[in-house]
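If you're matching positions, the sequence shown starts at 4 in my numbering and goes up one per residue.
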Amino acid sequence: MKKIEKDILGLLTCAVIVVVSIGLPLSIIFEFNQSWIFYFQLYPHMIIFPLLSFGIIGINLYQVFVNIKSRQGSFKSKFSIVAISLAISILFYNIEITSNNLMLFELNNQAVARINLPQENIEKINKIPNSIININDFIREDEINVSKLELEDSLSRFIVNQEALNNEQKEAYHTLMKASLAYSTWENIVGQFSFSRNLYALSFFIIVFTSLMNWMLLLIYSYQDVINPDKYINSLIFSSLLFFTWLPLRLYYNLITKNLIFGTDEAIGQLDIFAFLIYPLFFSFLCWKFWQFKENLSVIISIFIFVVSLTFIGRFKPGWVSLMFGLNSNPILWIIFLTIAVFYCVYLLKKNKHDFLS
């Protein structure tokens, strides 16, 4: 790879790491300084995952790219990887930012809206007890006036009091939250979305784009196409395994967070089907590719155990995820993990400084 190409790629890598790793977390901290811990605990798959992992992922993918040999047709193959990943990412980005079940940090603290609902839904919402929300202050005949801050407060009260509620009261609350956090409720009201939503959308796009690039780099290049095969496959395997750590966090969001807010209990949501179908295929190819490069069965078995363990914990032990990164977690633990991640990034940069400074 030419020096100017490496310099441009290095700058892009730094920009991506800054935007994805610290952009959204810092935005949430400064925009919602009273609620940021609550948001981190509710949505670790979109806030804590990139904060802890994406710096390491970015450095490893940079090393993968600079290890690809410059030969006839190499630019074309790299451009194809970028173009395909970009097209798929744009598609998923458009689906994501217009989907229902908004996250609370996507609305600013002053956000208010009026929602017209069928009378049967109004009657159902009326069954929410005052210990959760004083619904009489919001209902006006066939519409309700919702406030983002009141929705957030009601969720905190619901988490504390949910065991005392019957199924009818829980269903009433979830009906309110589904209507209140629907994209259609807010899309035509100017100035209701938060600044953090913009960074969330950008982070989502970059995460999808880089994960697709990671898998395509795994698929396309062989032993003969790279300068340093050991560094190439080690970097690619490590970044792939870090992407797999997203799985238990996403399952936690589906099984715990969405169940609290919307009453859903599906482990795999509609928009997750693609990821959860593709990941096993890429896992199989990951093991096969590693065998091509190193023929080390013990490492392949370790990779298998690691990925299966992550999936098992996310699906059947989401409470464990909650203790580390969710509603039952302590921010001190996040700081410990972040410190380890930062030191490891520094270690990678020092170890491979000739790749970044040449």
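Glycine included, every Cβ here is placed at the ideal spot set by N, Cα and C.
- Here the alpha carbon of Ser243 sits roughly 45 Å from the alpha carbon of Asn148.
- Here the alpha carbon of Ile100 sits roughly 32 Å from the alpha carbon of Asp10.
- Considering only Gly329, Lys297, Tyr347, Val349, the residue with the shortest C-alpha distance to Tyr42 is Gly329.
- The beta strand (DSSP E) runs of length 3 or more contained entirely in the segment 219–243 do not exist; there are none.
- Note on geometry: alpha-carbon atoms of Ile50 and Ile209 lie some 13 Å from one another.
- Around the CB of Ile128, 16 or more other CB atoms lie within 10 Å, so the residue is classed as buried.
- Spanning the alpha carbons of Asn333 and Leu341 requires a straight line of approximately 13 Å.
- The Cβ-Cβ distance between Leu313 and Phe247 falls below 8 Å.
- Taking every protein chain shown into account, the CB of Ala182 has 16 or more other CB atoms within 10 angstroms, so this residue is buried.
- With respect to Ser92, Leu54 sits apart: the two C-beta atoms are not nearer than 8 Å.
- With contacts defined as CB atoms closer than 8 Å, Leu351 and Asn217 fail to qualify as a contacting pair.
- For Glu153, the enclosing alpha helix (DSSP H) starts and ends at 151–164.
- Of the other Cβ atoms in all chains shown, fewer than 16 fall within 10 Å of the Cβ of Trp294; this residue is therefore exposed.
- Rounded to whole angstroms, the gap between the alpha carbons of Ile125 and Phe286 is 47 Å.
- Bridge pairing for Arg143: Glu146 [DSSP].
- Contact between Ile276 and Pro321 is ruled out by a C-beta separation of about 19 Å, above the 8 Å threshold.
- Rounded to the nearest whole angstrom, the CA to CA distance from Gln165 to Leu263 is 9 Å.
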